[in-house]
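For reference, the structure is listed below as structure tokens.
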């Protein structure tokens with residue numbers, strides 16, 4: 015059996031209870047060494063074999079899993095954050111299915127949730143933003159034309175931009191051309207929830223300069239939109255004493 019496990023955003027104690035139990039029982043752990051906190055490996059049993067997938071190809075990962083299956087071993091494929099976001103797991107699952115290897119996904123806390131915690135923000139503020147766009151800039155790996163940062167910027171929703179900290183000037187240009195003003199609130203969160211965490215509050219127009227001052231060019235999320243300021247929002251109806259819900263009678267009635 016292979017378990018595709020989300021390691022969480024960084025801090026070792028932010029893995030799920032289920033994820034930790036799987037690590038404790040794994041015979042083989044294949045982890046994304048360039049991104050996953052190595053402290054998580056301390057949960058493994060002494061006989062567990064560990065492989066760092068940072069230097070492995072898909073074929074090598076699958077071959078390692080296949081050999082483990084032949085020996086009756088349980089494998090944990092440990093991905094950063096939640097594996098369903100930029101985890102490249104579909105191709106792995108297809109390969110497992112082709113070989114008759116059973117698998118299961120254990121979700122994790124995504125880094126975009128860790129970034130919101132670092133900023134002490136709510137992404138979905140009433141009358142400010144009710145949608146979150148998770149995307150990235152096109153670089154060496156392209157994105158579909160219809161999903162460009164510029165096209166998403168036209169919606170003026172809250173945007174969380176992954177894998178783009180090394181091209182912030184270009185990103186800012188795309189955001190402005192798409193519809194954000196240069197003074198739109200923004201933030202750069204480096205290694206959210208790690209001990210090395212850094213939070214930069216800025217604007218679309220200043221984020222490249224501010225990140226450069228801190229030497230940030232990778233392993234950071236960029237959050238853009240009016241919600242970053244956490245101001246000017248309407249009170250939620252959920253806890254409004256005048257609003258009737260399924261569980262509570264409001265004063266309006």
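Numbering (our numbering), first residue to last: 15 to 267.
Positions of the beta carbon are idealized from the N, C-alpha and C atoms, including for glycine.
Because the structure is a prediction, the values reported are computed rather than measured.
- Residue 114 and residue 18 have their C-alpha atoms some 16 Å from each other.
- Below 8 Å, too few C-beta pairs join the stretch 53–60 and the stretch 154–172 to call them touching: fewer than three.
- Taking the Cα of residue 218 as reference, the smallest distance to any Cα among 168, 200, 225 is reached at 200.
- Inter-segment contact for the stretch 34–45 and the stretch 74–89 is present: three or more beta-carbon pairs are separated by less than 8 Å.
- CA-to-CA, the gap between residue 223 and residue 173 works out to about 20 Å.
- By the Cβ rule, the stretch 241–251 counts as touching the stretch 140–148, because three or more pairs are nearer than 8 Å.
- For residue 62, the secondary structure class from DSSP, reduced to helix, strand or coil, is coil.
- If you check the CB distance, residue 235 and residue 203 come in under 8 Å.
- Taking every protein chain shown into account, the CB of residue 259 has fewer than 16 other CB atoms within 10 angstroms, so this residue is exposed.
- Across the set 20, 237, 48, the C-alpha of 20 shows the shortest separation from the C-alpha of residue 35.
- In this structure, residue 126 keeps its C-beta atom at 8 Å or more from the C-beta atom of residue 103.
- Only exposed fits residue 71, as fewer than 16 other CB atoms lie within 10 angstroms of its CB.
- In terms of CA proximity to residue 59, 90 leads the group 242, 90, 78, 50.
- Ranking 73, 80, 92, 81 by CA distance to the CA of residue 66 puts 92 first.
- For the pair residue 212 and residue 230, the CB atoms are nearer than the 8 Å cut-off.
- Per DSSP, the continuous beta strand (DSSP E) segment holding residue 234 begins and ends at 234–238.
- The straight-line gap separating the alpha-carbon atoms of residue 151 and residue 116 is approximately 34 Å.
- For residue 227, no beta strand (DSSP E) run applies; the uninterrupted alpha helix (DSSP H) run containing it begins and ends at 221–227, by DSSP.
- Of the candidates 64, 262, 175, 123, 123 places its Cα closest to the Cα of residue 26.
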